[in-house]
Amino acid sequence: MSEYLAKTKLEKMKTREVCFPAEDLWELQCFLLEEAENLLGPRDPSFTIYQPVYSPEVGPNIRFNENKSGVFVELHKNATCYWPTLVYQMAHETIHLLDPRPGPSTCLEEAFAVEFSLFMQNKLGHSMYMPSGKYYEVWRLMHLLGRHPFVVGKRIRENCETFHTNDLRKMIKLFPHIRLLDKSILPELISEF
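If you're matching positions, the sequence shown starts at 7 in my numbering and goes up one per residue.
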């Protein structure tokens, strides 16, 4: 989808008075995934990405199909009719689609999910939901890695293949200045969220 067509379509979605139908969710998901790959590198192509769904009780999160060959975003029902919440949830979960893994994510992956969510909220022109609690803490730590988070993120994914890395040696090699600042930062970022 061209940038112009995407923006036009997204502008129409933002002003809609009714809830967002499934076909619009799929278009938004494709747009966000393309943006994420442009900023952070290609996704793992071994997984099929399916259309997002709303859940009455859980979400936002990603969920795998039965045989674990595909994955989809499960949005909380509070995103059904409110554009800022839809973008916030879907953008955050889109980062988890780059390298899907069952089970908990790393603090590093959650930090980049927060960063991408904030970036897309700003790009699509509305007030931002700011992170809080542990999400804020890992996002703050990730910002210590470098001034340009998406350059840092792409570098991590190129050298460690995924945000799920637990290879402290590779991370120290990528960010030697962090060890001088505080030896606990890199272990914290590669730990389970």
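Think of the CB as a built atom: it goes at the ideal place given N, C-alpha and C, for glycine as much as any other residue.
Per-residue burial, residue i [other beta carbons within 10 Å of its own, 16 or more giving buried]
i	result
Arg163	buried
Thr54	exposed
Asp105	buried
Ser123	buried
Pro27	exposed
Tyr142	exposed
Helix, strand or coil at residue i according to DSSP, with G and I counted as helix
i	result
Glu167	coil
Thr91	helix
Val64	coil
Leu150	coil
Thr86	coil
Phe181	coil
7 Å CB neighbourhood of residue i in its chain, flanking five on each side removed
i	result
Leu151	Val158, Phe181, Ile184
Trp145	Ala117, Val120, Glu121, Pro137
Beta carbon of residue i nearer than 8 Å to that of residue j
i	j	result
Leu39	Thr100	yes
Gln127	Val79	no
Leu192	Met177	yes
Within-8 Å CB hit, residue i to chain D
i	result
Val64	Protein chain content of the structure displayed is limited to a single chain, and chain D is not contained in it.
Residues of its chain near residue i, where Cβ-Cβ distance is below 6 Å and the 5 sequence neighbours each way are ignored
i	result
Trp32	Gln57
Same chain only: Cβ atoms within 8 Å of residue i, ignoring 5 sequence neighbours per side
i	result
Pro108	Phe70, Lys74
Kindly confirm or deny that the region 182 to 199 and the region 113 to 122 touch, where touching means at least three C-beta pairs closer than 8 Å.
They touch, by the three-pair rule.
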